[in-house]
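Protein chains in written order, with the numbering used here: chain X, 3 to 254; chain V, 2 to 392. Note that CB positions come from ideal geometry on N, CA and C, so glycine has one too. A quick write-up on the structure given underneath.
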Amino acid sequence: MKVLVPVKRVIDYNVKVRVKSDGSGVDLANVKMSMNPFDEIACEEAIRLKEAGKADEVIAVSIGVKQAQETLRTALAMGADRAILVIAADDVHQDIEPLAVAKILKAVIDEEQPGLVLAGKQAIDNDMNATGQMLAALLGWSQATFASKLDIDGDHATVTREVDGGLQTIKVKMPAIVTVDLRLNEPRYASLPNIMKAKKKPLDEKTAADYGVDVSPRLEVVKTTEPEARKAGEIVGSVDELVAKLKEAGAV
Amino acid sequence: MPDFSPFDSGARSPVFFDETLVMLRDQIRRFVETEIKPHADAWETEGATPRALLRKMGDLGFFGIRYPEALGGSDLDQRATVVWAEELGRSTYSGVAITALVHTDMASVHIFNAGTDAQKSKWLPRCIAGEAISAVAVTEPGAGSDVKGIATRARRDGDDYVLNGAKMFITNGVHADVYCVAAKTDPEARPSQSVTMFLVEKGMPGFTVSRPLDKHGWRSSDTAELSFRDVRVPAENVLGREGGGFYEIMKNFQNERLVIGAMAMGEAQAALELTVEHVRGRIAFGAPLWEKQGIRQRLAMLSARVEACRQFIYSTASRAAAGEDVVREVSMIKALAGELVNDVMYDCLQFHGGMGFMRESTIERMTRDARVQSIGGGATEVMLEEVAKRM
Numbered sequence: 003m004k005v006l007v008p009v010k011r012v013i014d015y016n017v018k019v020r021v022k023s024d025g026s027g028v029d030l031a032n033v034k035m036s037m038n039p040f041d042e043i044a045c046e047e048a049i050r051l052k053e054a055g056k057a058d059e060v061i062a063v064s065i066g067v068k069q070a071q072e073t074l075r076t077a078l079a080m081g082a083d084r085a086i087l088v089i090a091a092d093d094v095h096q097d098i099e100p101l102a103v104a105k106i107l108k109a110v111i112d113e114e115q116p117g118l119v120l121a122g123k124q125a126i127d128n129d130m131n132a133t134g135q136m137l138a139a140l141l142g143w144s145q146a147t148f149a150s151k152l153d154i155d156g157d158h159a160t161v162t163r164e165v166d167g168g169l170q171t172i173k174v175k176m177p178a179i180v181t182v183d184l185r186l187n188e189p190r191y192a193s194l195p196n197i198m199k200a201k202k203k204p205l206d207e208k209t210a211a212d213y214g215v216d217v218s219p220r221l222e223v224v225k226t227t228e229p230e231a232r233k234a235g236e237i238v239g240s241v242d243e244l245v246a247k248l249k250e251a252g253a254v
Numbered sequence: 002m003p004d005f006s007p008f009d010s011g012a013r014s015p016v017f018f019d020e021t022l023v024m025l026r027d028q029i030r031r032f033v034e035t036e037i038k039p040h041a042d043a044w045e046t047e048g049a050t051p052r053a054l055l056r057k058m059g060d061l062g063f064f065g066i067r068y069p070e071a072l073g074g075s076d077l078d079q080r081a082t083v084v085w086a087e088e089l090g091r092s093t094y095s096g097v098a099i100t101a102l103v104h105t106d107m108a109s110v111h112i113f114n115a116g117t118d119a120q121k122s123k124w125l126p127r128c129i130a131g132e133a134i135s136a137v138a139v140t141e142p143g144a145g146s147d148v149k150g151i152a153t154r155a156r157r158d159g160d161d162y163v164l165n166g167a168k169m170f171i172t173n174g175v176h177a178d179v180y181c182v183a184a185k186t187d188p189e190a191r192p193s194q195s196v197t198m199f200l201v202e203k204g205m206p207g208f209t210v211s212r213p214l215d216k217h218g219w220r221s222s223d224t225a226e227l228s229f230r231d232v233r234v235p236a237e238n239v240l241g242r243e244g245g246g247f248y249e250i251m252k253n254f255q256n257e258r259l260v261i262g263a264m265a266m267g268e269a270q271a272a273l274e275l276t277v278e279h280v281r282g283r284i285a286f287g288a289p290l291w292e293k294q295g296i297r298q299r300l301a302m303l304s305a306r307v308e309a310c311r312q313f314i315y316s317t318a319s320r321a322a323a324g325e326d327v328v329r330e331v332s333m334i335k336a337l338a339g340e341l342v343n344d345v346m347y348d349c350l351q352f353h354g355g356m357g358f359m360r361e362s363t364i365e366r367m368t369r370d371a372r373v374q375s376i377g378g379g380a381t382e383v384m385l386e387e388v389a390k391r392m
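Printed below as a string of structure tokens:
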């Protein structure tokens, strides 16, 4: 079985995000970019499936600017076998919307015929949480979102999902789209020898036009603003003082 | 301290570092943030960095950066070493950093440079995996940078050499498995021809750790005084040519100086980052300290000096990798970086105010750790003489 893992290049989660002065979005110039952390978890899970003998090949796919090949190299260094880069934008500030991403992924899947797609539940840049679901709809495949546990057994997968108020375990028929949540696993480090090996692994380059997908945005960003700054706290000397302050503030 | 810093635009520039080295830097940084920083306070108290951590570094290939693939390494050059040293320096725990860096770049490197095939295949795969840790024992109570002045003797006796003497300030001295020890084999010969290196293994009769040393900084590094009393070392453990030790030791000084320079600049960056964060949040006289021009301009100038020194290190590493002779430059780097990191720490501690004087503050530890950077691996004064000779 082939496992396909879509990975997105996003602003690194440690970077203090700054809004562009014209409010059109977030400033990405000279900013560290990394693999979306949820996609890293998806990649780790795919590699573990391969190590457990349940998958034969792990293919990482990224859709976006050319620089996304760095993200794919990271996936290859972790242990993916090969990678496909679909160039869909020249400007790092252009975000490809979930529907366009899902359409391109569907075209890649039609070619590659994987038995499983493991994706992050959402990207940490725009938090859309839509691509996996849209892809399942386009393909007519079963889907299991927010996975915190995954077991593949023949033509079925048992997935534990993190839902509001608890965990839900479902059984889905393969092929399936599984989107992964934070607690599924802890992604490995890419060891230096594996970073070296990744340089030699195949990385195919395509364009959105190769798949006949129009990536022009359907959504209009009206304004981007920074959240209100957190007000300074106050250190209190004792529990009594805390209670008094809370009473004063009308909180208790 | 943020995991991503303004210093990173230089550290990620393709002018010096290709995609492989950027990925290596990211992995080391993640390792430092996850595996070192949350745990290292305990190691400072214990006086050593745990072997389990060193094993993990070995598993990730960090100990094989410069060694051939056949031995388990990755065959990279000085630029990769600079990335490794700089990121370890950024950890804020230089005792941990020096434990690893002495192993990779000051000790095991002698086995690689001078060792026979048998010595290399015996030790290097284990050193690269982190299963065996190495130390280098040149310095003595009476001789440091003055290598010709060492008093430890090795006398040939049949198939063995018999070692007698003492070694001082030996990093990894308590816990190492293999020691590259310099001893005089022919006191009558010209000083430069009188020193030979030996591989002394832990447990050889007569070889003992006299005492672990109680240091001003680098508390999470085990540093020892070593004693050799009639230690019989088989002739097959001679490292390199008999009488060639002086040149072997000198040969690696270039690499050491670059490594210490990169490590020191990693420390300086980390200190500046956490100090900027501190002064932005610390209110005095109604406004953050950052609003005081005197403070922020001093920090801006220090960051300019650190950036200049880093770019010097990067370009020198790149030139060394291209095979150029950079003896003059690495001596400059060691002198410059060793002093600069102390200038940075002095001001950074100052801007932390009373908190900077407290043992619980990071900058207090970093200031103690930085002090040795103008001493160890060749004191500033010795380095400046090396530079002056080449003026």
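{"Check": "What is the rounded straight-line gap between the Cα of A79(X) and the Cα of D223(V)?", "Outcome": "34 Å"}
{"Check": "Less than 8 Å between C-beta atoms, sequence neighbours within five positions excluded: which residues of the same chain meet that for T226(X)?", "Outcome": "V21, K22, G25, S26, G27 and V28"}
{"Check": "How would you list, in chain order, the residues of chain X whose beta-carbon sits under 9 Å from the beta-carbon of G62(V)?", "Outcome": "S193, L194, P195, N196, I197 and M198"}
{"Check": "Between which two residues does the beta strand (DSSP E) holding K168(V) run?", "Outcome": "D161 to T172"}
{"Check": "What whole-angstrom Cβ distance do N32(X) and S304(V) have, given they're in contact under 8 Å?", "Outcome": "The pair is not a contact, with the Cβ atoms about 16 Å apart (cut-off 8 Å)."}
{"Check": "Please determine, among K68(X), A77(X) and D93(X), the residue with the shortest C-alpha to C-alpha distance to A59(X).", "Outcome": "The identity of residue 59(X) in the sequence shown is Glu, whereas the question assumes Ala. Ranking the options by Cα distance to E59(X), first place goes to A77(X)."}
{"Check": "What residues in the stretch 18-35 of chain V have a beta carbon less than 7 Å from any beta carbon of chain X?", "Outcome": "E20, T21, M24, L25, Q28, R31 and F32"}
{"Check": "So is Y51(X) buried or exposed if we call it buried at 16+ other beta carbons inside 10 Å?", "Outcome": "A small fix is needed here, since residue 51(X) is Leu in this sequence, not Tyr. Buried: at least 16 other Cβ atoms inside 10 Å."}
{"Check": "Check the C-beta distance from V84(V) over to R13(V) and give it rounded, since I have them as a contact under 8 Å.", "Outcome": "That pair is no contact at about 10 Å."}
{"Check": "Taking the alpha-carbon positions, what's the A53(V) to R67(V) distance?", "Outcome": "22 Å"}
{"Check": "Counting only Cβ pairs nearer than 9 Å, list the residues of chain V close to K22(X).", "Outcome": "Those within 9 Å of K22(X) in chain V number zero; the least Cβ separation is about 18 Å."}
{"Check": "Select from the stretch 79-102 of chain X all residues with a C-beta closer than 8 Å to any C-beta belonging to chain V, and list them in chain order.", "Outcome": "A79"}
{"Check": "Under 9 Å Cβ-Cβ, which residues of chain V neighbour E72(X)?", "Outcome": "E20, V23 and M24"}
{"Check": "Can you check whether the CB of M169(V) is closer than 7 Å to the CB of P142(V)?", "Outcome": "yes"}
{"Check": "Would you say N187(X) reaches chain V, if we count a Cβ-Cβ gap shorter than 7 Å as a contact?", "Outcome": "no"}
{"Check": "List the residues of chain V whose Cβ lies closer than 9 Å to the Cβ of R75(X), in chain order.", "Outcome": "E20, T21 and M24"}
{"Check": "Less than 8 Å between the CB atoms is what I'm expecting for G393(V) and K335(V), so what's the real figure, rounded?", "Outcome": "Nothing can be reported for residue 393(V), as the shown portion of chain V is limited to 2 through 392."}
{"Check": "Under the rule that 16 or more other beta-carbon atoms within 10 Å means buried, what is H104(V), buried or exposed?", "Outcome": "buried"}
{"Check": "Taking the alpha-carbon positions, what's the T394(V) to V63(X) distance?", "Outcome": "The displayed coordinates of chain V run from 2 to 392. Any statement about residue 394(V) would go beyond what the structure contains."}
{"Check": "Between I86(X), A121(X), L186(X) and Q135(X), which lies nearest to E207(X) when the distance is taken from Cα to Cα?", "Outcome": "I86(X)"}
{"Check": "Hey, quick one: how far does the alpha helix (DSSP H) through L259(V) stretch, first residue to last?", "Outcome": "G246 to G282"}
{"Check": "Among N187(X), D14(X) and A139(X), which residue has its Cα nearest to the Cα of M37(X)?", "Outcome": "D14(X)"}
{"Check": "Could you check how far apart the C-beta atoms of A146(X) and D153(X) are, in whole angstroms? I think they sit under 8 Å.", "Outcome": "Not confirmed; about 11 Å, so no contact."}
{"Check": "Using a cut-off of 8 Å between C-beta atoms, extract the partners of D9(V) located in chain X.", "Outcome": "K34"}
{"Check": "Measure the Cβ-Cβ separation of A183(V) and G246(V) and say whether it is below 7 Å.", "Outcome": "yes"}
{"Check": "Can the beta-carbon of V17(X) be found closer than 7 Å to that of D41(X)?", "Outcome": "no"}
{"Check": "Could you please give the first and the last residue of the uninterrupted beta strand (DSSP E) stretch that includes H158(X)?", "Outcome": "H158 to V165"}
{"Check": "Check whether the stretch 318-332 of chain V and the stretch 353-363 of chain V touch, using three or more Cβ-Cβ pairs below 8 Å as the test.", "Outcome": "no"}
{"Check": "Could you say which of V388(V), E268(V) and K252(V) lies nearest to Y347(V) if we only look at CA atoms?", "Outcome": "E268(V)"}
{"Check": "Using DSSP's beta-bridge definition, name the partner residues of T82(V).", "Outcome": "DSSP, once it has assigned bridges, lists no residue as partnering T82(V)."}
{"Check": "Note down, in chain order, every chain V residue with its Cβ under 9 Å from the Cβ of K201(X).", "Outcome": "E20 and T21"}
{"Check": "For Q170(X) and W143(X), I'd like the C-alpha separation in whole angstroms.", "Outcome": "19 Å"}
{"Check": "Just confirm the distance between the C-beta atoms of V215(X) and A102(X), as a whole number of angstroms; I'd bet it's less than 8 Å.", "Outcome": "6 Å"}
{"Check": "If I'm right that C128(V) touches F64(V) with Cβ under 8 Å, what's the distance once you round it to whole angstroms?", "Outcome": "6 Å"}
{"Check": "Can you confirm whether the stretch 158-168 of chain V touches the stretch 225-237 of chain V when touching is taken to mean that 3 or more C-beta pairs between the two stretches lie within less than 8 Å?", "Outcome": "yes"}
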